[in-house]
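Read the structure below first, then the notes.
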Amino acid sequence: MRPARIVAFSGNVRRPSRTRALVEAVAAELSRRRPIELKVHDLADLGTGLGATTRQALPLPIAHMIEAIEGADGLIVGSPVHNGSYSGLFKHVIDFLDPAALAGKPVAITATGGGPRHALMVEHQLRPLFGFFTAHVAPTAVYAGEAEIQDGIVTDPRVAERVAAAAAELSHLLDVAEAARRSGSGRAVAGL
1 MRPARIVAFS GNVRRPSRTR ALVEAVAAEL SRRRPIELKV HDLADLGTGL
51 GATTRQALPL PIAHMIEAIE GADGLIVGSP VHNGSYSGLF KHVIDFLDPA
101 ALAGKPVAIT ATGGGPRHAL MVEHQLRPLF GFFTAHVAPT AVYAGEAEIQ
151 DGIVTDPRVA ERVAAAAAEL SHLLDVAEAA RRSGSGRAVA GL
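Under UniProt numbering, residues 1 to 192 are what the sequence shown spells out, in order.
Rendered as structure tokens:
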């Protein structure tokens, strides 16, 4: 079995980034469960150029990132909470994706915020966003507040449990998607 191609995308423009630390924590846990080829992208790496309004006008580094997201076997995505939702630049990147490329794609969703009141953003904003694309979103979403990630490490045991659960579910979804590809049935629905 070839390693699953996983793209982790962090919608944060700052470094250090708790959002990047969280998506990397899910990726690290996933890599303990199965072989993966991981590529991590975040908005901090993209620089200028996201102001483009068409995919054809995107600078090459951003266009390559979009292609990597679309071509991945699975995604781990995260956004900081901004005004009760994902960041505008995160959504702008997502708007360039071909909906057909995300159909049936396994996705783990994460977010970081300033406190407990931001925790529902993953359920009320990210899950419906990827539901629109008919992606297969892992049942466990992961949210971490300011006190739960220290120096780039998830320190809260409850968040660590959710990271492990999301990684296990993503691994299962990758297996289901691979089985569907092998059988030629297209989008994996059974077994979820």
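C-beta atoms are modelled at their ideal positions from N, C-alpha and C, and glycine is treated no differently.
If I'm right that Leu89 touches Val13 with Cβ under 8 Å, what's the distance once you round it to whole angstroms?
Within the sequence shown, residue 89 is the residue found at index 89, counting from 1. Within the sequence shown, residue 13 is the residue found at index 13, counting from 1. With a Cβ gap of about 7 Å, Leu89 and Val13 count as contacting.
Could you say if the segment 57 to 67 and the segment 19 to 31 meet the contact criterion of at least three C-beta pairs nearer than 8 Å?
No: the two stretches stay apart, fewer than three of their Cβ pairs being nearer than 8 Å.
Out of Glu148, Ser10, Arg32 and Ile149, which one is the CA nearest neighbour of Val40?
In the sequence shown, counting from the first residue as 1, residue 40 sits at position 40. Put simply, of Glu148, Ser10, Arg32 and Ile149 the residue whose alpha carbon is nearest the alpha carbon of Val40 is Ser10.
So does the segment 79 to 96 actually touch the segment 165 to 181, counting three or more Cβ pairs closer than 8 Å?
no
What separation, rounded to the nearest whole angstrom, lies between the Cα atoms of Glu169 and Pro139?
If you number the sequence shown from 1, residue 169 lands on position 169. If you number the sequence shown from 1, residue 139 lands on position 139. Straight-line Cα distance between these residues: approximately 7 Å.
Beta-carbon within less than 7 Å of Glu148's beta-carbon, same chain only, minus the 5 sequence neighbours each way: which residues are those?
On the sequence shown, residue 148 is found 148 positions in, with the first residue counted as 1. So the list reads Val154, Thr155, Asp156 and Val159, once near-sequence residues are dropped.
Can you tell me which of Pro35, Thr19 and Pro16 puts its alpha carbon nearest to the alpha carbon of Ser171?
Locating residue 171 in the sequence shown gives position 171, counting from the first residue. For Ser171, the nearest C-alpha among the options comes from Pro35.
As assigned by DSSP and simplified to three states, the class of Lys39
As a first step, residue 39 is located in the sequence shown; it is residue number 39 there, counting from the start. Correct three-state label for Lys39: strand.
Bridge partners - Thr112, DSSP secondary structure assignment
Residue 112 sits at position 112 when you count from the first residue of the sequence shown. Listed as beta-bridge partners of Thr112 by DSSP are Pro80 and Ala144.
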